[in-house]
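K.L.:
Per full-length UniProt numbering, the very first residue in the sequence shown carries number 1; after that it's consecutive.
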Amino acid sequence: MGFGQDLRNSHEGLVKLQDWELKLLETVKRFMTLRVKSDKEYASLLLNISQQVDKHDNSSQIHYISTVSKSWTHMVQQTEQLSKIMKCHAEELNSGPLHRLTMMIKDKQQVKKSYQSLHQQIESEMHKVTKSDLEKLKCTYRQLTKDAVLARDKYKEAVVKETEKARERYDKATMKLHNLHNQYVLAVKSARLHQEHYHETALPLLLDSLQKMQEEMISALKGILEEYSEITSLLTDEIVKVHKEIHTSIDQIDPLSEYDNFIEKKIFKKRLKGSVHCGLNCMISLYFSVVLLLSQKQSLEELRQTVQLLRCSEAKLMAQRELLEQKMQENEGKEPPPVVNYEEDARSVNSMVRHFLELHPKSHTIIFFFDVIPTSEKPLGEQEWYHGAIPRTEAQELLKQQGDFLVRESHGKPGEYVLSVFSDGQRRHFIIQFAENQYRFEGTGFPTIPQLIEHHYTTKQVITKKSGVVLLNPDKKWILNHEDVILGELLGKGNFGEVFRGTLRDKTLVAVKTCKEDLPQDLKIKFLSEARILKQYDHPNIVKLIGVCTQRQPIYIVMELVPGGDFLSFLRKKKEDLKTKQLVKFALDAAAGMAYLELKNCIHRDLAARNCLVGENNVLKISDFGMSRQEDNGIYSSSGLKQIPIKWTAPEALNYGRYSSESDVWSYGILLWETFSLGVCPYPCMTNQQAREQVEKGCRMSCPQKCPDEVYRIMQRCWEYKPENRPKFVDIQKELASVKKK
Ligand code: ADP
Ligand code: MG
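1) Please give me, in chain order, every unbroken run of the alpha helix (DSSP H) with length at least 4 that falls completely inside the segment 558-609.
2) Just to confirm, is the Cβ distance from residue 661 to residue 598 under 8 angstroms?
3) Rounding to the nearest angstrom, what Cα-Cα distance links residue 678 and residue 547 in this structure?
4) Tell me whether the beta-carbon of residue 208 lies closer than 8 angstroms to the beta-carbon of residue 4.
5) Confirm the yes/no value for this check: CB of residue 611, any heavy atom of the ligand ADP, distance under 7 angstroms.
6) Please go through the same chain and pick out, in chain order, the residues whose beta-carbon is closer than 6 angstroms to the beta-carbon of residue 246, but skip the five residues on each side of it.
7) Here's a check: name, in chain order, each residue in its chain whose Cβ is nearer than 6 angstroms to the Cβ of residue 421, leaving out the five neighbours to either side.
8) Run through DSSP, which three-state label would residue 511 get?
9) Does the structure place the segment 610-629 close enough to the segment 562-569 that three or more beta carbon pairs sit under 8 angstroms?
10) Using a threshold of 7 angstroms, is the CB atom of residue 511 nearer than that to any non-hydrogen atom of the ligand ADP?
11) Below 7 angstroms, is the gap between the Cβ of residue 623 and the nearest heavy atom of the ligand ADP?
12) With burial defined as no fewer than 16 other Cβ atoms inside 10 Å of the residue's Cβ, what is the status of residue 737: buried or exposed?
13) In whole angstroms, what separates the C-alpha of residue 9 from that of residue 113?
14) Please go through the same chain and pick out, in chain order, the residues whose beta-carbon is closer than 7 angstroms to the beta-carbon of residue 561, but skip the five residues on each side of it.
15) With DSSP collapsed to three states, give me the class of residue 493.
16) For residue 700, which residues in the same chain have their Cβ closer than 7 angstroms to its Cβ, ignoring the five residues on either side in sequence?
17) Who are the near neighbours of residue 68 in its chain, counting only those whose CB is closer than 8 angstroms to its CB and skipping five residues on each side?
18) Might you give, ordered along the chain, the residues of its own chain that have their beta carbon closer than 7 angstroms to the beta carbon of residue 144, omitting 5 neighbours on each side?
19) If you count every other CB in all the chains shown that lies within 10 Å of the CB of residue 185, and 16 or more means buried, which is it?
20) Would residue 476 pass as a contact of residue 535 if the rule is Cβ separation under 8 angstroms?
21) Use the C-beta contact count for residue 435: other C-beta atoms within 10 angstroms, 16 or more gives buried, fewer gives exposed.
22) Relative to the ligand ADP, is the shortest distance from any of its heavy atoms to the C-beta of residue 618 smaller than 7 angstroms?
23) Check whether the Cβ of residue 606 sits closer than 7 angstroms to any heavy atom of the ligand ADP, and report yes or no.
24) If we call anything under 8 angstroms between Cβ atoms a contact, is residue 408 one with residue 388?
25) DSSP on residue 389, reduced to helix/strand/coil?
26) Does DSSP put residue 94 in a helix, in a strand, or in coil?
27) Please report the residue range of the alpha helix (DSSP H) in which residue 5 lies.
28) Give a yes or no on contact between the segment 661-677 and the segment 578-590, applying the rule of three or more CB pairs nearer than 8 angstroms.
29) Just checking my contact of residue 621 with residue 542 at CB under 8 angstroms: how many whole Å lie between their CB atoms?
30) According to the Cβ coordinates, are residue 711 and residue 739 closer than 8 angstroms?
31) Going by CA-CA distance only, name the one from 688, 709, 513 that's closest to residue 553.
32) My output table needs one value for residue 16: the three-state DSSP class, helix, strand or coil.
33) DSSP on residue 41, reduced to helix/strand/coil?
34) May I ask which residues mark the beginning and end of the alpha helix (DSSP H) holding residue 199?
35) With C-beta atoms as the reference, is residue 233 less than 8 angstroms away from residue 71?
36) Check whether the segment 90-107 and the segment 20-29 touch, using three or more Cβ-Cβ pairs below 8 angstroms as the test.
See below:
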């Protein structure tokens, strides 16, 4: 079997084959080029992360030999080694197989060209010999035969007249004819031979040599691909060695001897007398119990949150029942109230509200009624937990705490919806089943997805028995587009950039905090941390987050607009008009906001008049959840790395960095003092250091002029030296509420 023997009539097919092979080689080449590129990029990324680690390391200040740090350094070095190997491989790939592949493609094009031209040449020769030459001879042969016949006729005619001359002519013609006859016979013979030669030798030879070339090229290609596979293999000795090294260096981490050297150094330094023998084991068991305690604390916190949520729904249901009972009583024996008018309003929710408003224009319960209206009647797209067709990985990133959940449309299968939940340290994804016009997981079905989710969210019924997953916190969509926000006038200057008034597409007024574009990445992340904290909260006395725009620079944090601006400027500006009653109301608002934060285990660390905002109807809102600022106007002292607002900070936080809700209570005392002194800077005429010393000595600020005694007593309790002796925010809230009533 071979080209020469079997493919004599497949010239077209062979040309097609060559074209196809060339195309394939081009694809292989493109693929390898990309592989070189991506390996190079991978190598440089690896190098980059190794070097970043180096940079961070410079700032470490622990001077002892640690196995962890040794192993870690080794791991980083090995990663750098891996980067070098990858880079080397990429270069090898480029100069070896890829280069040769390029040459081979050129060769192959050449082979194709010469095959085609040779083929054409023998083909046309064959044509010439077997067709056109013979044809010409045949034509002449016919002509000569005709001439000879004519001459004979003439001869017969002229036998009588000019016998001699005619015979001569006849002879000549006959002679010519005979000559040509011979020539023709010879040509036919040679054409036959040529044809035989063409079929038996020339064409098979050409085809066979083509086959040989083709085969050689295939073998070269095989070589190239083998080399490619060797170079790009992740199982080469050197790479396996790198990973073994990493593995060994991790093996060398020994928790039991980790601190030996550290302890030795400390002992050496301080020449500790007794208590050394207690050292290591104590530390280890302490370390483990701390870890244990932390995880127990976390599960306690989670339980606490669940209980809180359950209480909340209990309260809601009770209030609903009360309301209904009250209405039933009121209506006993009377005509029932008129039926809802659906005529012009298809949305029954709206008409219910309107109807209710008409019946009871001043009822307090209206606000409550709004709360009770099931959000599950809103379409899926308007649900705050519905994130559209975001990719699975993005969904994973959004879910951080126990019970966080969202619903998304499957990326792979449009029209299929998925519930993603964070539960027990894992992100779980549940496909929402749809059958017989009902959506469900395992249990009850509902006609819409919002109703299904609302059901599981309010009843806390598990999604599937096996998983035990429960929905706790809907994850709101926070990402806005820059185009959704129109910036207006400048409101103020923050530490990261300017703050503007803005409007959303639906005309909502907002405040937009911008982040300067030239800040380093870590500060930009810090800027966003405020949004990360705020998005967990929803309280009238905490400034509300609306969203963030992170798709391009400058990054925005979009918040509700609090039109009165910051509380400190407000106090100073409105000094003359502010009555004590209003000041108590401000203090109460701040306490309510802080009690909410305390409940949520949030420590503000920077509570002060400058960080509160004044909203409509003089509602005070706690703001500025960024802490640790660069700002230095005497308020944030630069002791150590962090900037601490000394005059607002509790002694244990200043001395030992112990921040807690109790230290926030201390700052709240200072905020009270600022409020009732109408914006005076605390400890007037004292430097930060002097104020700190006086506080340590037990001195406290005196009662501001406009301050009622009850309020000053609260202030004093907030400034108890021992944190445990200070009041809780909930208690302060209750006490101020009763002061306000007087
Ligand atoms: P930073 O966190 O950088 O200190 P702030 O939150 O203190 O920035 O904001 C700087 C100023 O911008 C505030 O003093 C205030 O005047 C204005 N501002 C900030 N947020 C709002 C808001 N939500 N509504 C109205 N004004 C605001
Ligand atoms: Mg600020």
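Built from N, CA and C at the ideal position, the CB exists for glycine as well. Values in this document were obtained by computation on a predicted structure and should not be read as measured data.
P.N.:
In brief:
1) 567-573, 580-599
2) The sequence position of residue 661 within the sequence shown is 661, counting from 1. The sequence position of residue 598 within the sequence shown is 598, counting from 1. In contact: residue 661 and residue 598 (Cβ atoms closer than 8 angstroms).
3) As a working mapping, residue 678 is identified with position 678 in the sequence shown. As a working mapping, residue 547 is identified with position 547 in the sequence shown. Their backbone Cα atoms lie some 33 angstroms apart in a straight line.
4) Reading the sequence shown from its first residue, position 208 is the one you call residue 208. Reading the sequence shown from its first residue, position 4 is the one you call residue 4. Cβ distance < 8 angstroms, so residue 208 and residue 4 count as in contact.
5) Taking the sequence shown and counting its residues from 1, the one referred to as residue 611 is at position 611. Checking the Cβ of residue 611 against the ligand ADP gives yes.
6) Within the sequence shown, numbered from 1, the residue matching residue 246 stands at position 246. Cβ within range, chain order: 75, 78.
7) Position 421 of the sequence shown, counted from the start, is the residue given in the question as residue 421. Within the same chain, residue 421 has close Cβ partners 405, 428, 469.
8) By one-based count along the sequence shown, residue 511 stands at place 511. Note: residue 511 maps to strand in three-state DSSP.
9) yes
10) Reading the sequence shown from its first residue, position 511 is the one you call residue 511. In this structure, residue 511 has its beta carbon less than 7 angstroms from a heavy atom of the ligand ADP.
11) By 1-based counting over the sequence shown, the position of residue 623 is 623. Yes - the ligand ADP has a heavy atom lying nearer than 7 angstroms to the Cβ of residue 623.
12) Here the question's residue 737 lines up with position 737 in the sequence shown. Per the 10 Å Cβ criterion, exposed.
13) Looking up residue 9 in the sequence shown gives position 9. Looking up residue 113 in the sequence shown gives position 113. Using only the alpha carbons, I get a separation of about 19 angstroms.
14) What you label residue 561 is simply residue 561 of the sequence shown in a count that begins at 1. Once the five neighbours on either side are set aside, the close Cβ partners of residue 561 are 501, 509, 510, 511.
15) Here residue 493 refers to the residue found at position 493 when the sequence shown is read from its first residue. Three-state result, residue 493: strand.
16) For the purposes of this step, residue 700 is taken as residue 700 along the sequence shown, with counting starting at 1. Closer than 7 angstroms at the Cβ level, and outside the excluded window around residue 700, lie 716, 719.
17) Within the sequence shown, numbered from 1, the residue matching residue 68 stands at position 68. The answer, listed in chain order, is 253, 258.
18) The residue you call residue 144 lines up with position 144 of the sequence shown. The answer, listed in chain order, is 176, 177, 180.
19) In the sequence shown, residue 185 corresponds to position 185, counting from 1. Exposed, because fewer than 16 other Cβ atoms sit within 10 Å of the Cβ of residue 185.
20) Translated into the one-based positions of the sequence shown, residue 476 becomes position 476. Translated into the one-based positions of the sequence shown, residue 535 becomes position 535. Yes, the Cβ-Cβ distance between residue 476 and residue 535 is below 8 angstroms.
21) The residue given as residue 435 occupies position 435 in the sequence shown. So residue 435 ends up on the exposed side.
22) Position 618 of the sequence shown, counting from 1, holds the residue named residue 618. No heavy atom of the ligand ADP is found nearer than 7 angstroms to the CB of residue 618.
23) The count along the sequence shown starts at 1 and reaches residue 606 at position 606. No; taking the cut-off as 7 angstroms, the Cβ of residue 606 has no heavy atom of the ligand ADP nearer than that.
24) The sequence position of residue 408 within the sequence shown is 408, counting from 1. The sequence position of residue 388 within the sequence shown is 388, counting from 1. Closer than 8 angstroms, so yes.
25) Counted from its first residue, the sequence shown places residue 389 at position 389. Coil.
26) Your numbering for residue 94 matches position 94 in the sequence shown. Residue 94: helix per DSSP, three-state reduction.
27) As a first step, residue 5 is located in the sequence shown; it is residue number 5 there, counting from the start. It spans 3-6 - the alpha helix (DSSP H) in which residue 5 sits, taken as one unbroken run.
28) yes
29) In the sequence shown, counting from the first residue as 1, residue 621 sits at position 621. In the sequence shown, counting from the first residue as 1, residue 542 sits at position 542. Indeed they touch by this definition, with Cβ atoms about 6 angstroms apart.
30) Looking up residue 711 in the sequence shown gives position 711. Looking up residue 739 in the sequence shown gives position 739. Contact flag set, yes.
31) Your numbering for residue 553 matches position 553 in the sequence shown. The residue with the shortest Cα to Cα distance from residue 553 is 513.
32) Stepping through the sequence shown from its first residue, residue 16 is reached at position 16. When DSSP states are grouped into helix, strand and coil, residue 16 belongs to the helix group.
33) Mapped onto the sequence shown, residue 41 falls at position 41. Residue 41: helix per DSSP, three-state reduction.
34) If you number the sequence shown from 1, residue 199 lands on position 199. Residue 199 -> no alpha helix (DSSP H), and no H or E assigned at all.
35) Here residue 233 refers to the residue found at position 233 of the sequence shown. Here residue 71 refers to the residue found at position 71 of the sequence shown. In this structure, residue 71 does not lie closer than 8 angstroms to residue 233 by Cβ.
36) yes
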